[in-house]
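Residue numbering for the sequence shown follows my numbering, starting at 470 and increasing by one per position. So the structure is just underneath, and the comments pick up after that.
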Amino acid sequence: MADKKPLFTVFTPTYNRAAILHRVYESLRRQTLRNFEWLIIDDGSTDHTREVVEKWQQEASFPIRYGWQENGNKAAAWNHALKLARGEFFLCLDSDDECVPEALASFKEHWESIPEKERERFSGITALALDQNGAFYGPDLPKSPLDCSPLALTLRQKAGCETWQCYRSEIIKLYPFKLIPGYRNYLPQSVGINRVAVSYIQRHVNHRLLIVHTDHQVDAAGHLSCGMSARASLRHAPGYRVAHLTLLKYQIKWFPYAPLRFYRAAANYIRFSWMQGFSVGAQLAELGSIGARALWLAALPAGIALRLNDRLLELKEST
């Protein structure tokens, strides 16, 4: 029985957050469903994170696994966790947040509400969030449950909200982040979500299971694991470029629902691609579809204008 795989792997990436990591720990101690493991990936912390976790490993009533890596970014930590996760379901609970006591039990209940013969279409369950004061963090869904891709929820249903995803491990392990060689900064989670959403939908529910702390930002601009600086458009260009590329490459079918959003994505894709030295031919080749290439052509003037503005900023800063 000791080797039985857990139902959930709760993954927490962390970097120098020993002082607030207890939020996750305490909320997991309160879970009404006990069939889970906590997998912590330490992204090169220089504080006493390891010592804190080792103490919890000795006293906790649930398995706590600790992995360390050289400082990279959250995407690298995510990939590391995918390799180590043992649970049937995989969810990321950030090191500065927490969850309600019934979170895991509710994810299980919502998954089991999907008829068994239909489950192969789903990558998992998406829930909503509260803030640290108990207020709704983002609006309710138009209806619940709502079975669609995350982008469809945002575009077709006109509903933008803070969400928390629980994935089937066997599915999400097929879609690790494609890390950019030599780049350790911001890589949006949408890079992975847009790829998953090509083949699978999520069941979205009006159930607020995540607690987001909005009153604490730890060195958001100062380290490689979270946040962005005022010069993010230049410093995080490789990450932004890939984010715009995945939207255009994998989700172009949603263009009619948000043409301006896709136009902006195409213009910024051109801008950041040139910033990274990608030729016109290389850009068109990786976009793939005729629709994405047509949008690229339409957005070319805007992309040129954005890149010229960047060059002016670069010249101004260098003088």
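Quick reminder that beta carbons are idealized off the backbone N, C-alpha and C, glycines included. All values derive from a computational prediction rather than experimental measurement.
In whole angstroms, what separates the C-alpha of residue i from that of residue j?
{"i": "C635", "j": "L784", "result": "45 Å"}
{"i": "G593", "j": "L551", "result": "15 Å"}
{"i": "F747", "j": "T518", "result": "40 Å"}
{"i": "L656", "j": "L714", "result": "12 Å"}
{"i": "R780", "j": "R486", "result": "37 Å"}
{"i": "E567", "j": "F477", "result": "16 Å"}
{"i": "W537", "j": "L729", "result": "42 Å"}
{"i": "P608", "j": "G750", "result": "42 Å"}
{"i": "Y484", "j": "S564", "result": "8 Å"}
{"i": "Q601", "j": "T501", "result": "20 Å"}
{"i": "G651", "j": "E581", "result": "42 Å"}
{"i": "E587", "j": "I640", "result": "15 Å"}
{"i": "I680", "j": "T515", "result": "26 Å"}
{"i": "L573", "j": "E495", "result": "14 Å"}
{"i": "I739", "j": "C617", "result": "29 Å"}
{"i": "A727", "j": "A767", "result": "15 Å"}
Under a Cβ-count criterion, where at least 16 other Cβ atoms within 10 Å of its own Cβ denotes burial, should residue i be classed as buried or exposed?
{"i": "Q527", "result": "exposed"}
{"i": "T683", "result": "exposed"}
{"i": "F790", "result": "Outside the displayed range of the chain (470 to 788) lies residue 790, so it cannot be described from this structure."}
{"i": "V665", "result": "buried"}
{"i": "G735", "result": "Checking the sequence, you will find Ala at residue 735 rather than Gly. When all chains shown are included, A735 counts as buried."}
{"i": "R499", "result": "exposed"}
{"i": "V522", "result": "buried"}
In the DSSP output, what is residue i paired with across the bridge?
{"i": "W507", "result": "V479 and I533"}
{"i": "D600", "result": "V681"}
{"i": "E567", "result": "I680"}
For residue i, which residues from the same chain have a beta carbon less than 7 Å from its beta carbon, with the 5 sequence-adjacent residues on both sides left out?
{"i": "R590", "result": "Y669 and I670"}
{"i": "A554", "result": "T478, F480, L508 and S638"}
I think residue i touches residue j, with their Cβ atoms under 8 Å apart; what is that distance to the nearest whole Å?
{"i": "L597", "j": "R672", "result": "In fact, because the Cβ distance is near 13 Å, the residues do not count as touching under 8 Å."}
{"i": "K718", "j": "L756", "result": "6 Å"}
{"i": "P790", "j": "W547", "result": "Nothing can be reported for residue 790, as the shown portion of the chain is limited to 470 through 788."}
Sorted by chain position, which residues of the same chain lie with C-beta nearer than 8 Å to residue i's C-beta, five sequence neighbours on each side aside?
{"i": "P475", "result": "N504, F505, E506, P532, R555, G556 and E557"}
{"i": "S758", "result": "K718 and I721"}
{"i": "L753", "result": "R762 and W765"}
{"i": "L775", "result": "A736, N737, I739 and R740"}
Would you say the beta carbon of residue i is closer than 6 Å to some non-hydrogen atom of the ligand HEM?
{"i": "T683", "result": "Because no ligand of any kind appears in the structure shown, any question about the ligand HEM cannot be addressed here."}
Taking 6 Å as the limit between beta carbons, can you name the residues of its chain near residue i, skipping five residues before and five after?
{"i": "I649", "result": "P707"}
{"i": "F576", "result": "I594 and C635"}
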